[in-house]
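This report concerns only the one structure given below.
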Amino acid sequence: MSEEFKVEIINPDKSFISKDNVTEIVVPGYEGDIGILKDHISIISFLKPGIITILEKNEEEKYYIEDGIMEFKDNSLSILTSSIHNIKNMKKNNIENSLKNAEKILNNENLGDQEKFLINQKIDVLKSLNIN
Numbered sequence: 000m001s002e003e004f005k006v007e008i009i010n011p012d013k014s015f016i017s018k019d020n021v022t023e024i025v026v027p028g029y030e031g032d033i034g035i036l037k038d039h040i041s042i043i044s045f046l047k048p049g050i051i052t053i054l055e056k057n058e059e060e061k062y063y064i065e066d067g068i069m070e071f072k073d074n075s076l077s078i079l080t081s082s083i084h085n086i087k088n089m090k091k092n093n094i095e096n097s098l099k100n101a102e103k104i105l106n107n108e109n110l111g112d113q114e115k116f117l118i119n120q121k122i123d124v125l126k127s128l129n130i131n
């Protein structure tokens, strides 16, 4: 019996990923990381800045997202996001620039609590990326 399910990640530019052989995926939900396996209950959740980990047999891929919404239903996961980057392709100077911009935005006194939460999440994730 197959333990695989379908994943599709879409950003405004294109269908970023479409795979039929995913065995597990971990996404950064607001309430914490959400692990999805085949036959998971149906779920819809907003995503915060973080890392999406996709597992296929013996392979693992990691992607950085800044936001999004996911829906898992009938062994098919759909993720819509405005920004997604393969961590393998991210450059250190781009991460540092994003980090500086996020820290600059965080200093704005007019930010609401939710905006501060999301920017702090973004900063924490960007700092955790160890890219040469």
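Residue numbers (numbering that gives the first Met the number 0): 0 to 131. The beta-carbon is built from N, C-alpha and C at its ideal position, and this holds for glycine as well.
Give the C-beta separation of residue i and residue j to the nearest angstrom, bearing in mind that I take them to be a contact with Cβ-Cβ under 8 Å.
i      : j     : result
ASN74  : ASP38 : 7 Å
ILE24  : LEU76 : 6 Å
LEU128 : ILE94 : 6 Å
LYS18  : LYS5  : 7 Å
I'd like the list of long-range same chain contacts for residue i, defined as Cβ closer than 8 Å, with 5 residues on each side in sequence excluded.
i     : result
LEU46 : VAL26, PRO27, GLY28, TYR29, ILE64, ASP66, GLY67, ILE68, MET69, ILE78, THR80
Have a look at residue i and residue j and give me their C-alpha separation to the nearest angstrom.
i      : j      : result
VAL21  : LYS87  : 19 Å
ILE40  : ASN100 : 38 Å
ASP123 : ASN96  : 14 Å
ASN10  : GLU108 : 31 Å
MET43  : LEU36  : The question names Met, but residue 43 in the sequence shown is Ile. In a straight line, the C-alpha of ILE43 is about 15 Å away from that of LEU36.
What residue range is occupied by the uninterrupted beta strand (DSSP E) comprising residue i?
i     : result
ASP32 : 31–35
ASN96 : Not the beta strand (DSSP E): ASN96 falls in the alpha helix (DSSP H), residues 91–105.
LYS47 : Looking at the DSSP string, LYS47 is not in any beta strand (DSSP E), and its letter there is neither H nor E.
GLU59 : 58–64
Determine the extent of the alpha helix (DSSP H) in which residue i is found, giving its start and end residues.
i      : result
ILE40  : Per DSSP, ILE40 belongs to no alpha helix (DSSP H) and is neither H nor E.
ASP73  : No alpha helix (DSSP H) holds ASP73; DSSP gives it neither H nor E.
GLU114 : 112–127
Looking only at its own chain, which residues have a Cβ that is under 6 Å from the Cβ of residue i, when we skip the five neighbours before and after it?
i     : result
ILE16 : ILE8
GLU60 : ILE53
Does the pairing of the region 103–114 with the region 83–91 give three or more beta-carbon distances under 8 Å?
no
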